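Under the working numbering, the first residue of the sequence shown carries the number 1, and numbering increases by one thereafter. Quick reminder that beta carbons are idealized off the backbone N, C-alpha and C, glycines included. What you are looking at is a predicted structure, and each value in this text was computed from that prediction instead of being measured.
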Amino acid sequence: MDKLNNTILTKWKNETTQCPGVAPLSSTALIIHIVIIIIIQLTITLTNGLFLIILCDKKTKLSPTGILVLCLTIADLISGFVVLPMITYIRLVTPLYAQLGIQEDSKETQRPTCFVFLLLGFIPYIVSFFIMAAIAFE
Numbered sequence: 001m002d003k004l005n006n007t008i009l010t011k012w013k014n015e016t017t018q019c020p021g022v023a024p025l026s027s028t029a030l031i032i033h034i035v036i037i038i039i040i041q042l043t044i045t046l047t048n049g050l051f052l053i054i055l056c057d058k059k060t061k062l063s064p065t066g067i068l069v070l071c072l073t074i075a076d077l078i079s080g081f082v083v084l085p086m087i088t089y090i091r092l093v094t095p096l097y098a099q100l101g102i103q104e105d106s107k108e109t110q111r112p113t114c115f116v117f118l119l120l121g122f123i124p125y126i127v128s129f130f131i132m133a134a135i136a137f138e
């Protein structure tokens, strides 16, 4: 580790790459981070569920806005329990492997992987934008 500019030098197929300095991270901190993300996402999902119950006129009939809120609730569940923990894992654990010098992924595979999970994390926000637009027009 270079003490002057706090960077870590790793080898990627015979080329040296400077990675941003990563502070040591314990597995306990990672688990706490993921649990907090899941709790926040579960709270959002429950709020959407309450909003969905309020929007329903009858127990068997859903309005178009209610269907959109239901879709957002499902998207929040998927995002909170699958996508966000994976983003956390990729952003926090992968640099630790690079810090230890055992990074196996090449840059060409790591960047698309991070981009795909980041894109999946944006899906609930895109869906919520359309829900707000539908509520405004209804």
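Would you mind giving the Cβ-Cβ distance between residue i and residue j, rounded to the nearest angstrom? I have them listed as a contact below 8 Å.
{"i": "F130", "j": "L46", "result": "Incorrect: roughly 21 Å between the Cβ atoms, too far for contact."}
{"i": "C71", "j": "V35", "result": "About 26 Å; that fails the 8 Å criterion."}
{"i": "I38", "j": "F81", "result": "6 Å"}
Below 6 Å CB to CB, which residues in the same chain sit around residue i once its five sequence neighbours on both sides are set aside?
{"i": "G49", "result": "T73"}
{"i": "L51", "result": "Position check: residue 51 holds Phe in this sequence, whereas Leu was assumed. Cβ within range, chain order: V69."}
Can you tell me whether DSSP reads residue i as helix, strand or coil?
{"i": "G21", "result": "Here G21 scores only 47 on pLDDT, less than 50, and its place in the model should not be relied on; the value that follows carries that caveat. Residue state, collapsed to three classes: coil."}
{"i": "I102", "result": "In this predicted model, I102 has a pLDDT of only 48, less than 50, meaning its place in the structure is not dependable; the value taken from the coordinates is given anyway. I102 falls in the coil class under three-state DSSP."}
{"i": "L9", "result": "Because the pLDDT of L9 is 48, which lies under 50, any placement of that residue in the model is unreliable, and the number read from its coordinates should be weighed accordingly. If DSSP states are grouped into helix, strand and coil, L9 belongs with the strands."}
{"i": "I131", "result": "helix"}
{"i": "S63", "result": "coil"}
Can you list, in chain order, the residues of its chain with a C-beta nearer than 8 Å to that of residue i? Leave out the 5 residues immediately preceding and following it.
{"i": "I102", "result": "At I102 the pLDDT is 48, less than 50, meaning the model places this residue with poor confidence and gives no usable figure here."}
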